[in-house]
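Working notes, beginning with the structure itself.
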Amino acid sequence: MSKEKGEAPLPPVTFSTFILSLNTAALIHLGELPNPETNEKSVNLALARHTIDTLDMLREKTKGNLTPDEERLLESILYELRIRYVKLTS
């Protein structure tokens, strides 16, 4: 892979960085972070729910195969995202 001039290097792809990228996407859909393309915050509950469901599916499918740190990261992210989602939908 080549790096474009002026671009920061990307972190190596690990399970944790993948989970963190999905967390960022969910936070954007929940309106917590600005969309990087528009630099504006907006809420899309359907995409937020889909991303949270994707993280939950990964938790189920990787049960018993994660390091303790990866498991804690995934559980804490799911907990925080669910709380934020419920607050928006209540």
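390 is the number that this note's numbering gives to position 24 of the sequence shown; each next residue is one higher, with no gaps.
Where a beta carbon is used, it is the ideal one built from N, C-alpha and C, also for glycine.
Fair warning: this is a prediction, and the values are worked out from it, not measured in the lab.
Item	Value
CA-to-CA distance, Gly430 to Val379, given in whole angstroms	20 Å
Any 3 or more C-beta pairs closer than 8 Å across the stretch 434-443 and the stretch 395-412	no
Terminal residues of the alpha helix (DSSP H) in which Glu398 lies	Unbroken run through Glu398: none, as it is neither H nor E.
Delimiting residues of the alpha helix (DSSP H) encompassing Ala414	Leu411 to Lys427
Rounded straight-line distance, which links the Cα of Glu406 to that of Ile418	21 Å
Where Val379 sits in the DSSP three-state scheme	coil
Short Cβ contact (8 Å threshold) for Arg415 with Tyr445	no
Whole-angstrom distance between Leu454 and Leu396, CA atom to CA atom	8 Å
Buried/exposed call for Asn401, threshold 16 Cβ in 10 Å	exposed
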